[in-house]
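> Have a look at this one before I ask anything.
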Amino acid sequence: MANAASLKGRQQPITWVDRYVEERLREFDTRVAKRSRINALRNARNLHLTDERRALDEERARLREFRNRPCGAMTRAGYPCRRKGLGRGGRCANHGGLSTGPKTQGGKLRIAQAQRQRWQRWRHRQGV
Ligand SMILES: [Zn+2]
């Protein structure tokens, strides 16, 4: 309403243009007020959604931080290890975190056989 009121303190006679502009400005003000009421209602209705979204974002950030946390084990050079600590106790594969898989021929055969059996059980469960 500030815009509509500002036309009034002038010295010149009020013309049809002034009245027209004043009317348009009043219409604009009512439209803005209506829109802001609608937006306020919508925001109140969707408040729980933004809460859920924020909780999800925080969880994701926490997981990202956990994933990117360095191993931190003291190296022989005297610095903390900077590899990603993905394994047990948050250590990297060099410092007791993750297994890097079987190395011997027998170990490789054993893990391959175990994996074949796992797939067989899975197919059996699926009824294939
Ligand atoms: Zn490490």
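Residues in the sequence shown are numbered from 93 upward in steps of one, following our numbering.
Note that the Cβ used here is the ideal one computed from N, Cα and C, for glycine as well.
By Cβ distance, which residues of its chain are closer than 7 Å to R183, with the 5 residues on each side in sequence left out?
The residue you call residue 183 lines up with position 91 of the sequence shown. Taken in chain order, the residues that qualify are C163, A165, G177, G189.
> Using three-state DSSP, classify K195 as helix, strand or coil.
Along the sequence shown, read from residue 1 onward, the residue named residue 195 stands at position 103. In the structure shown, K195 sits in coil (DSSP, three-state: anything other than H, G, I, E or B).
> Starting from L117, trace the alpha helix (DSSP H) in both directions and tell me its first and last residue.
In the sequence shown, counting from the first residue as 1, residue 117 sits at position 25. Per DSSP, L117 belongs to the alpha helix (DSSP H) from 108–137.
> Is any heavy atom of ligand 1 found at a distance shorter than 7 Å from the C-beta of H216?
Position 124 of the sequence shown, counted from the start, is the residue given in the question as residue 216. Answer for H216: no, Cβ out of range of ligand 1.
> When the Cα atoms are used, what is the spatial distance from K126 to G181?
Residue 126 sits at position 34 when you count from the first residue of the sequence shown. Residue 181 sits at position 89 when you count from the first residue of the sequence shown. Straight across, the Cα-Cα distance linking K126 with G181 is about 57 Å.
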